[in-house]
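So the structure is just underneath, and the comments pick up after that.
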Amino acid sequence: LSLAASAFGHNPAAATDLTPRRKPPIAAIAIAPTTDASALQAIFASIERGDIAAARRSEGAVRDKIARDLARWAIVANDPNASWSETAEAIVQFAGWPRARELRLRAEQMLARGALSAGQTADWLMRFPPLSGLGALAQAQALNALGEREQARQKLKALWRERNLPVADQSAALSRFAGDLTREDHEARVDLLIWLEEFSTARALFSQLSPSMRAAAEARILLAQRSRTANAALAAVPAGLQETAGVQYERARWRRRNGLAED
């Protein structure tokens, strides 16, 4: 048994030795041929300097397939101006690699800006479901353009209640799909945005709220911002909304931050 254990690298005596040891350095590019290792070093150095163009020039010198994959992933992952085709290919080819989510989010931004046709956008987002508000918006827009009105409306209402969006995209979506969204949808969205501390984006929807809901939302924001006018804003909230979770949370947090005991 001891011989077998030793043959497979198991040494019971060594297992009890807990003396700290420095982790040996691992040079990932050491597995590549010398010329590829030099090219990879040049690529990584260029990326570190922010010179993606130089990294792309060095990519052609890489011959080994694994090294080429590493170079391609590093370049596309670090180039915010990578094309749609490069980004899409990297998402498919390097699924499970580091920064895969980042690449998908970047792709969704491109789709929201019209990188593909409606049909292509819908197909992509069926294969890779949206991770972001922009991706969900691109999906709703694509379905709407394809005549799938009810499905588009459901996707839109879900993202309105569950996803963040840049304020400009929120405004554009509201203008385009105003008839598909109810006051309850807007109330739910403002509630979400305040929890996310996206206060400017929340305020952009205040015109869609009832006066009482607007007063509650404004009080929550001012309490969160520790504004000097927070108390006055809180007093203006109708009694029926004083006990809502959002108002109660911000009131408790405001008092704690100001060293005041709860009532």
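To convert a position in the sequence shown, counted from 1, into our numbering, add 14.
Just so you know, even glycine gets a beta-carbon here, dropped at the ideal spot from N, CA and C.
Keep in mind it's a predicted model, so treat the numbers as computed, not measured.
- Item | Per-residue DSSP class, three states only, for Glu162 | coil
- For Leu160, which option in Ser131, Gln256, Leu145 has the closest C-alpha, if you only look at C-alpha atoms? Ser131
- Message: Let's see if you can read the secondary structure: which residues bound the alpha helix (DSSP H) around Leu125?
- Response: 114-126
- Which whole runs of the alpha helix (DSSP H) in the region 146-230 are 4 residues long or more, in chain order? 147-159, 163-176, 181-191, 197-209, 213-217
- For Val181 and Ala218, believed in contact at Cβ under 8 Å, the rounded distance: 5 Å
- Message: Which of the three DSSP states is assigned to Ala29 in this structure?
- Response: Since pLDDT at Ala29 reaches only 46, below the 50 mark, its modelled position is unreliable, and the value read off the structure follows with that caveat. Residue state, collapsed to three classes: helix.
- Item | Separation of Trp98 from Met124, as counted between CA atoms | 7 Å
- Can you round the beta-carbon distance between Ala85 and Ile57 to whole angstroms, since I take them to be within the 8 Å contact cut? 5 Å
- Are there 16 or more other CB atoms within 10 angstroms of the CB of Arg265, so buried, or fewer, so exposed? buried
- Backbone CA spacing between His200 and Ala154 [nearest angstrom]: 17 Å
- Message: Does Gln262 pass the burial test, meaning 16 or more other C-beta atoms within 10 Å, or should it be called exposed?
- Response: exposed
- Going by alpha carbons, who is nearest to Glu73 out of Ile89, Gly64, Asp65? Ile89
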